[in-house]
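In this note's numbering, the protein residues as written are 911 to 1252.
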């Protein structure tokens, strides 16, 4: 069993975290069953957020009687100290407990600090003194915010996108966290569904002793894969290394990671999926993307207002309207049979 120590938090768990964003799409009963199966299989770290609709409620439903034997991380998207206090109160109610192990600022556009105008860090520190949270963390998609958070010494964990498509700059964050004894929680470990070989994803993460990957799980079959890695953790082989090399080559350059921070769209476009449709067509069963429902979603791109709100909110600096049009053109070529994806 491979374990990870999350820096100075002294939290030690199996190198499999449960990302509870997807369980908002299933029923209370199905979610509780899935969460308990994860627990029974050895997973002890569960990550959720106030922004994930009823995800916190489902985590609380499953673990109310097991709270002391696992770790829960959640997030607040509050912009003020008062907003944080309200979020925290609601999170504790949803999770049916009186403390949260890691309370994270959810992708702020800046690095909250004590005494700043937002009052966020001061409110979190107050909650920590009161015993309502045990550790203060931050999540982000922006390199400059992540770097500032590490250098500040104010945070015990950083949650950041990290997978085998990572750049050298991403790797520098992992090393900086190790040097600062700061926990590194890897979100988007499957790059929003673009990575389809979970064994390769695990083998890559296994090379970094301080990285805890959290896998977004919605189906029992997905969970079974990750539970199997507890007893039989995949290792980096020549075959896996070659697969990673090919994927890096195919996915190099600008592509949508599907993070969703560009949403919602004033024109109703499902940007986080439509802007990467060309990749989804080629990296998952194409028939799933060619249904009438998906065609209707892609056709909404024609209603783009070119307001550039999505472009301004993209943490990766993508020209999102241009990327949407590029994906629509390709999609129409595939639908017409002029381009083959099989």
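Just so it is clear, CB atoms sit at the ideal spot from N, CA and C, and this is done for glycine as well.
These figures come from a predicted structure and were not determined experimentally.
Check                                                                                                                              : Outcome
Alpha carbon of residue 981 to alpha carbon of residue 1044, nearest angstrom                                                      : 11 Å
Rounded C-alpha distance that separates residue 874 from residue 1197                                                              : Nothing in the structure corresponds to residue 874, since the chain is present only between 911 and 1252.
Cβ-Cβ distance between residue 1055 and residue 1072 below 8 Å                                                                     : no
DSSP state of residue 1127 mapped onto helix, strand, coil                                                                         : coil
Where residue 1231 sits in the DSSP three-state scheme                                                                             : helix
Candidates 1126, 1228 and 1195, of which the one nearest residue 962 by Cα                                                         : 1126
Among 1203, 1098, 1170 and 1024, the one whose alpha carbon lies nearest that of residue 1075                                      : 1098
Reference residue 1225; option with closest CA among 1137, 1172, 1201 and 1195                                                     : 1172
Distance between residue 976 and residue 1222 (C-alpha atoms, nearest Å)                                                           : 43 Å
CA-to-CA distance, residue 1042 to residue 954, given in whole angstroms                                                           : 20 Å
DSSP beta-bridge partners of residue 924                                                                                           : 913
Which residues DSSP lists as bridging residue 1068, in chain order                                                                 : 1048 and 1094
Residue 945 - partner residues in DSSP beta bridges                                                                                : For residue 945, which the question treats as bridged, DSSP gives no partner whatsoever.
Residue of 1057, 1018 and 1014 minimising C-alpha distance to residue 1038                                                         : 1014
Residues near residue 1065 in its chain [Cβ-Cβ closer than 8 Å; skip 5 each side]                                                  : 1046, 1047, 1048, 1059 and 1092
Straight-line Cα distance separating residue 957 from residue 984                                                                  : 6 Å
Environment of residue 911 [buried if 16+ CB atoms lie within 10 Å]                                                                : exposed
Buried or exposed (CB count within 10 angstroms, at least 16 for buried), residue 966                                              : buried
Residue 1217, buried or exposed, once every other Cβ within 10 Å from all chains shown has been counted against 16                 : exposed
Option nearest residue 931 by Cα separation, candidates 1128, 1147 and 1174                                                        : 1128
Coarse secondary structure for residue 1245, derived from DSSP in three states                                                     : helix
Three-pair Cβ contact test at 8 Å for the segment 1188-1208 versus the segment 1021-1032                                           : no
Limits of the alpha helix (DSSP H) - the one that residue 1016 falls within                                                        : Not the alpha helix (DSSP H): residue 1016 falls in the beta strand (DSSP E), residues 1010-1016.
Residues near residue 1169 in its chain [Cβ-Cβ closer than 6 Å; skip 5 each side]                                                  : 1051
As assigned by DSSP and simplified to three states, the class of residue 990                                                       : coil
Beta-carbon proximity check, residue 1116 vs residue 1150, cutoff 8 Å                                                              : no
Residue 968 classed as buried or exposed, judged by whether at least 16 other C-beta atoms fall within 10 angstroms                : buried
Nearest-angstrom Cα separation, counted from residue 1105 out to residue 1035                                                      : 37 Å
Residue 1076 (DSSP reduced to helix, strand or coil)                                                                               : coil
Distance, residue 992 Cα to residue 1214 Cα                                                                                        : 36 Å
Nearest to residue 1082 (by Cα), restricted to the options 1053, 1095, 1107 and 1063                                               : 1053
Own chain, CB closer than 6 Å to residue 919, minus 5 neighbours either side, in chain order                                       : 1045, 1066 and 1093
Boundaries (first-last residue) of the beta strand (DSSP E) holding residue 955                                                    : 955-957
Collapsed DSSP secondary structure at residue 1251 in the structure displayed                                                      : coil
Of the listed residues 1182, 1079, 1077 and 1086, nearest to residue 1068 (C-alpha basis)                                          : 1086
Beta-carbon contacts of residue 1100 that lie in its chain and below 6 Å, excluding the five residues immediately before and after : 1111
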